[in-house]
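Enquirer: In terms of my numbering, the sequence shown opens at residue 1 and continues consecutively. Have a look at the structure that comes next, please.
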Amino acid sequence: MNTRAMARQHTTWCARNHSCGATEHRSEPYRANHPGLGSLVMTRAQTADGRQYAEIRLNVPLASEEPAARRQLHTALTELYHLLRYFRHIGRRAA
1 MNTRAMARQH TTWCARNHSC GATEHRSEPY RANHPGLGSL VMTRAQTADG RQYAEIRLNV
61 PLASEEPAAR RQLHTALTEL YHLLRYFRHI GRRAA
């Protein structure tokens, strides 16, 4: 699909604003703030070739002590890795 055709064919969830460009459609960001836990912003997007993805920005408080902060970062990366693997796994089942 060419970029002009894509710009005319918004998805039902597309924000239809400046965040939606010629090469992709983007939803309004979902924002969640969890006091004491952190916050996240998630946006759904679709590229010109039809592939969809979730863009996720996560903010988590870290411990003030260096060893604890490093453990938290390691845990976060490990859990995010498992989340990515899970999504890949359920994507294969749906296909």
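Glycine included, C-beta positions come from ideal geometry on N, C-alpha and C.
1) Roughly how many angstroms separate the alpha carbons of Asn17 and Glu79, rounded to a whole number?
2) Select from Leu73, Leu58 and Ile56 the residue whose C-alpha is nearest the C-alpha of Ser64.
3) Can you tell me whether Arg51 is helix, strand or coil according to DSSP?
4) Near Asn33, which residues of its chain fall below 7 Å by C-beta distance, leaving aside the five closest residues on each side in sequence?
5) Could you tell me how far apart the beta carbons of Glu28 and Gln46 are, in whole angstroms, since I believe they sit closer than 8 Å?
Expert: With the given structure in hand:
1) Each residue's Cα considered, the two are about 33 Å apart.
2) Ranking Leu73, Leu58 and Ile56 by Cα distance to Ser64 puts Leu73 first.
3) Coil at Arg51, not helix or strand.
4) Only residues of its own chain outside the window of five on either side were considered, and among them Ser39 have a CB closer than 7 Å to the CB of Asn33, listed in chain order.
5) With a beta-carbon spacing of about 14 Å, Glu28 and Gln46 fall beyond the 8 Å limit used to define contacts.
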